[in-house]
Amino acid sequence: MTPILEIKDLWHFFGGLCAVADFSLTVQPGDLFGLIGPNGAGKTTVFNLITGVFRISRGRIFFRGEDITDWRSPRIIAAGLARTFQNIRLFKDLSALDNVLLGASARHDYHLWDALFHTPRFQRVEQRWSKRAYELLARFNLTRYAATPARHLPYGDQRRLEIARALISAPSLLLLDEPAAGMNEAEATDLINLIRDLHREFSLTILLIEHQMRVVMNLCQQVTVLDFGETIAQGPPQEIQQHPRVLEAYLGREGNTSEQWPLSSNQ
Amino acid sequence: MFPIIAQNILNALQLGSVYALIALGYTMVYGILTMINFAHGDIFMVGCYLSLAAALFLLGLPLHLPAGLIFLGALLFSMLLTAILGVAIERLAYRPLRQAPRVSAVITALGVGLFLENFTLAILGPEPRHFPPLIAMTPWQVGGLSLTLLQLLILIVTALILVLLDLLVRRTLMGMAMRAISDNRPIVPLMGVSVDRVISFTFALGSAIAAAGGLLYGLAYPVLDPYMGIRIGWWAFISAVVGGIGNIRGAMLGGFILGAVEILTPMVLPSSTYRDFVAFSLLLLLLVFKPTGLLGRPLFERV
Amino acid sequence: MQKRVTILAGVAFLLCLAWVLPASGWLNPYLVMIFMYVGINMILTLSLNLVNGYLGEFSVGHAGFMAIGAYVSAILTVWVLPRPWAPWLFPLVLVAGGLVTALAGLVVAFPSFRTRGDYLAIVTLAFNMIVKSILENLEILGGPRGFLGMPRLTNLPWVVAWVLITLFLCRNLVYSNVGRGLMAIREDELAANLTSVDTRRLKIYAFLISAFFAGIAGGLFAHLLQFINPRSFSILKSTDMLVMVYLGGVGSLTGSLLGAAIFTLLLEALRPLGLWRWVVGPLLLILLMIFRPHGIMGFREAPWLRTVSREP
Ligand SMILES: Nc1ncnc2c1ncn2[C@@H]1O[C@H](COP(=O)(O)OP(=O)(O)O)[C@@H](O)[C@H]1O
Ligand SMILES: [Mg+2]
Chain U
2 MTPILEIKDL WHFFGGLCAV ADFSLTVQPG DLFGLIGPNG AGKTTVFNLI
52 TGVFRISRGR IFFRGEDITD WRSPRIIAAG LARTFQNIRL FKDLSALDNV
102 LLGASARHDY HLWDALFHTP RFQRVEQRWS KRAYELLARF NLTRYAATPA
152 RHLPYGDQRR LEIARALISA PSLLLLDEPA AGMNEAEATD LINLIRDLHR
202 EFSLTILLIE HQMRVVMNLC QQVTVLDFGE TIAQGPPQEI QQHPRVLEAY
252 LGREGNTSEQ WPLSSNQ
Chain D
1310 MFPIIAQNIL NALQLGSVYA LIALGYTMVY GILTMINFAH GDIFMVGCYL
1360 SLAAALFLLG LPLHLPAGLI FLGALLFSML LTAILGVAIE RLAYRPLRQA
1410 PRVSAVITAL GVGLFLENFT LAILGPEPRH FPPLIAMTPW QVGGLSLTLL
1460 QLLILIVTAL ILVLLDLLVR RTLMGMAMRA ISDNRPIVPL MGVSVDRVIS
1510 FTFALGSAIA AAGGLLYGLA YPVLDPYMGI RIGWWAFISA VVGGIGNIRG
1560 AMLGGFILGA VEILTPMVLP SSTYRDFVAF SLLLLLLVFK PTGLLGRPLF
1610 ERV
Chain C
9 MQKRVTILAG VAFLLCLAWV LPASGWLNPY LVMIFMYVGI NMILTLSLNL
59 VNGYLGEFSV GHAGFMAIGA YVSAILTVWV LPRPWAPWLF PLVLVAGGLV
109 TALAGLVVAF PSFRTRGDYL AIVTLAFNMI VKSILENLEI LGGPRGFLGM
159 PRLTNLPWVV AWVLITLFLC RNLVYSNVGR GLMAIREDEL AANLTSVDTR
209 RLKIYAFLIS AFFAGIAGGL FAHLLQFINP RSFSILKSTD MLVMVYLGGV
259 GSLTGSLLGA AIFTLLLEAL RPLGLWRWVV GPLLLILLMI FRPHGIMGFR
309 EAPWLRTVSR EP
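Rendered as structure tokens:
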């Protein structure tokens, strides 16, 4: 079976800072894969490299067997890969509905001509996608916000709206960047359940960055641990928890008192 | 051949000095507020008229003041009043817009520029005014080069201002606060300097320097009209961008480059009417290939 | 359905009015002239709003586009077409001018891939200056003295028709995947790229269409005045367009129409002030920006221009 995502020997530097060092990863279809590591470890940078935000100077990335290393972002996303952001990046002054519709921008298969004259084809395509967008809003309990500018949604709903926007194009791989960031215990628990449900419901493959260890331990079948850009461990969550270098990476710098301490909060 | 080139370099330095002085105002305001103060060319124009007024007044006194004294008087008078004008513009027109969308401030700046031009026009009428010859224009011949006292004066005054400004920005508390704000470093409150005061100071400084440029320009090219600030303002603005807007040394460099472009264009192309074409093409190419200008810093965005 | 009928009836009524009023002499020629200016300015404002309001970039050089449309269409009617044909081919002449202008729009569209915000504004400014400078140096087109000899083909019905066409197409564009994408770029270009919005293609569309309509307006202008010179297309003209956009409201079609109408009529009304008219105008602009930075209609739309809600 071709892996859905394959990263080979990826490097990235910011000036003299090595943010990602010799990073490799293979995600199989249907996986719920975790990417963890302390703050500044390079996790978000990996997502940015996958989605074409930064140019890749060393390493290759394959998506469903295709080499996407040099593709531009819209093409990568249109190929069936969707993501969310660590700091929510909704289109704040556009309505929730428009936000979701924009997730399917590349799937609006009509031409400029159709847009200028609102041809029957335009009507058909627009109708299809707005129907789908409303379905998704309903699935995420956001229907009442359809016409509301995204900036007026409560924080938790904004996070979920971002996921809805990512899902409308029916991606085969979903990248979630700290989806539980800024949420309290109860909200985070709801989110875990939501992600688990979505994974099944949409037969998704998910690559998840998370800071709160509890989330990862509850959700993921496979975990990769980054520290200072380097991969220090890889495997199922139970093994990772015992790994000496992981313990050191978290304990050494942050002490075992803080909430950041990932392993103790794993129930 | 050599004297011609040297002569042109001298002329380019003279013109470039004025551009550099005005470009500084664009660049300092941009550094502090990330706002293009499109009214700055017209502030220069007002400075030019104010120095004319002061010079005429001093010449009219029955004291027979020496030219040097008149020059100094006009310089100080116009620098002071123009600085006040700059601060007033910031207070009344730009400050209320600090939290507004950025384009509002830019549009307002365009409006302020038009206001200054048309107000001057409405008061003084459209006839051009002439600057009295204060400084001797008789050229000295130095090794095939002709050099006037005025040219020497322009170069010296400009150099003096540039050096003083550099010292001010690097050594004084206010200068450090200016740099801190433009680097986006949050240390200004710690230094006991309020951001508002730094901004006012920047406008005062930029406008005063533009007024000095106005006096020098008026002496060298003695015909003034209310729309003179448009073209010179644009050229100075290009200078600031070419050097890397927000960067003080870049503005100086850009000013001299644009001075050279203006002087050299008629030597290479059939007529001097191509100078706008050359300058703006240069700008366009630079922006496409090195958007931050020669000495500017690249920006990056957090994802 | 009913809405569509009302709108069609309104369009027919407007066109009839535009034809009857001047022809019957009920509207004196001076007022007809002013209405034509209002119309041309509406087209310009709609065009500029596409880039400045919807795409969220800041073009300060739109007069450059207008100039190209004006000169190209003028060349066609003066040098190329036999005089008797000109009135019949006028729409095609305008479209040809618009298409050439649209091509010139690419000159700005391509830099916009890499350059944004203030720097793109400077690119558009440079574009304006370069166009003007080239025209000034083209002796064959009259250089700084200008170009003349166009027949007076622009009349009120044509202007009204072109305003309606522009409004129709801009409105359709805004309420489509393209318009949504443009607004997404305005809000957050990086996020737009990462939600599969093809930002490059959309920027090309925006500049092509915006330039096209600016070119149409230029053609109408040239065949109204029957005389054009490079100075009519200076940065001051661009500034006028900016004022109209920001007066009426960014990101609003209704606002574009309002802004153009109010600005044009106000300048006429202030004519008795003489030179002081040009002082009052900028002052009003400054006050507007301070007290209403989004303009009269910023980001809002009159109901008759909106699409019906798509909720199933
Ligand atoms: N755009 C950027 N420019 C410069 N440095 C960056 C940029 N993005 C991230 N970094 C640096 O790269 C390192 C990794 O950052 P990041 O990938 O965001 O970490 P994580 O998501 O694991 O917390 C950090 O040291 C960060 O400061
Ligand atoms: Mg991160």
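Residue numbers (this note's numbering), protein chains in the order written: chain U, 2 to 268; chain D, 1310 to 1612; chain C, 9 to 320.
We treat Cβ as the ideally placed atom computed from N, Cα and C, and that holds for glycine.
Just so it is clear, the structure is predicted and the values come from calculations on it, not from any experiment.
At 8 Å on the CB atoms, spell out the chain C contacts of residue i, in chain order.
i              : result
residue 121(U) : Within chain C, no residue comes near residue 121(U); the closest Cβ sits about 13 Å away, beyond 8 Å.
Express the C-alpha separation of residue j and residue i in angstroms, rounding to a whole number.
i               : j               : result
residue 1389(D) : residue 1328(D) : 20 Å
residue 128(C)  : residue 1539(D) : 20 Å
residue 90(U)   : residue 197(C)  : 10 Å
residue 153(U)  : residue 146(U)  : 9 Å
residue 244(U)  : residue 100(U)  : 42 Å
residue 1454(D) : residue 1559(D) : 29 Å
residue 1446(D) : residue 1535(D) : 25 Å
residue 156(C)  : residue 1470(D) : 50 Å
residue 84(U)   : residue 210(U)  : 11 Å
residue 230(U)  : residue 86(U)   : 19 Å
residue 36(U)   : residue 179(C)  : 45 Å
residue 107(U)  : residue 169(U)  : 11 Å
residue 221(C)  : residue 55(C)   : 6 Å
residue 113(C)  : residue 190(C)  : 16 Å
residue 1514(D) : residue 1507(D) : 10 Å
residue 1338(D) : residue 1346(D) : 7 Å
residue 1319(D) : residue 1449(D) : 13 Å
residue 134(C)  : residue 1554(D) : 16 Å
Go ahead and label residue i buried or exposed: buried means 16 or more other beta carbons lie within 10 angstroms of its beta carbon, across all protein chains shown.
i               : result
residue 24(C)   : exposed
residue 12(C)   : exposed
residue 67(C)   : buried
residue 28(U)   : buried
residue 1581(D) : exposed
residue 240(C)  : buried
residue 18(C)   : exposed
residue 1480(D) : exposed
residue 198(U)  : exposed
residue 5(U)    : buried
residue 135(U)  : buried
residue 1331(D) : buried
residue 1406(D) : buried
residue 28(C)   : exposed
residue 256(U)  : Confidence in residue 256(U) is poor, its pLDDT being 44 and thus under 50, which makes the residue's placement unreliable; the coordinate value appears in the next sentence. Exposed, because fewer than 16 other Cβ atoms sit within 10 Å of the Cβ of residue 256(U).
residue 1311(D) : exposed
Report back the beta-carbon spacing between residue i and residue j to the nearest angstrom; my notes put them in contact at under 8 Å.
i               : j              : result
residue 1593(D) : residue 131(C) : 6 Å
residue 1315(D) : residue 284(C) : Actually they are not in contact, since the Cβ atoms of residue 1315(D) and residue 284(C) sit about 49 Å apart, beyond 8 Å.
residue 77(C)   : residue 257(C) : Rounded, the Cβ-Cβ distance is 25 Å, inconsistent with contact.
residue 190(U)  : residue 30(U)  : Not really, about 27 Å apart at Cβ, beyond 8 Å.
residue 247(C)  : residue 51(C)  : So it is not a contact: roughly 17 Å between Cβ atoms.
residue 226(U)  : residue 38(U)  : 6 Å
residue 219(C)  : residue 205(C) : Not a contact, Cβ separation roughly 21 Å.
residue 42(C)   : residue 272(C) : 7 Å
Taking C-beta pairs closer than 9 Å, name the residues in chain C that residue i reaches, listed in chain order.
i             : result
residue 52(U) : 201, 202
At a CB-CB cut-off below 9 Å, which residues of chain A make contact with residue i?
i              : result
residue 177(C) : In summary, chain A is missing from the structure at hand, where the protein chains are U, D and C.
Can you pull the chain U residues whose beta carbon is under 7 Å from the beta carbon of residue i, in chain order?
i              : result
residue 186(C) : 113, 116
residue 65(C)  : By Cβ distance, chain U contributes nothing, its closest Cβ being about 16 Å from residue 65(C), past 7 Å.
Under 8 Å Cβ-Cβ, which residues of chain U neighbour residue i?
i              : result
residue 189(C) : 103, 106
So with CB distances below 8 Å, who are the chain D contacts of residue i?
i              : result
residue 123(C) : 1596, 1597, 1600
residue 145(C) : 1580, 1582, 1583, 1586
residue 247(C) : 1419, 1423
Would you mind telling me which residues of chain U sit closer than 9 Å to residue i, beta carbon to beta carbon, in chain order?
i              : result
residue 307(C) : 94
What does residue i reach in chain C if we use C-beta pairs closer than 7 Å?
i               : result
residue 1412(D) : 66
Quiz item: Do the region 132-139 of chain U and the region 69-76 of chain U make contact, defined as three or more Cβ pairs closer than 8 Å?
Solution: no
Quiz item: Touching or not, the region 112-123 of chain C and the region 259-269 of chain C, by the rule of three or more beta carbon pairs under 8 Å?
Solution: no
Practice problem: Report yes or no: do the region 1514-1527 of chain D and the region 1343-1359 of chain D share at least 3 C-beta pairs separated by less than 8 Å? | Solution: yes
Quiz item: Using 8 Å as the Cβ pair cut-off and three pairs as the minimum, do the region 43-56 of chain U and the region 75-83 of chain U touch?
Solution: yes
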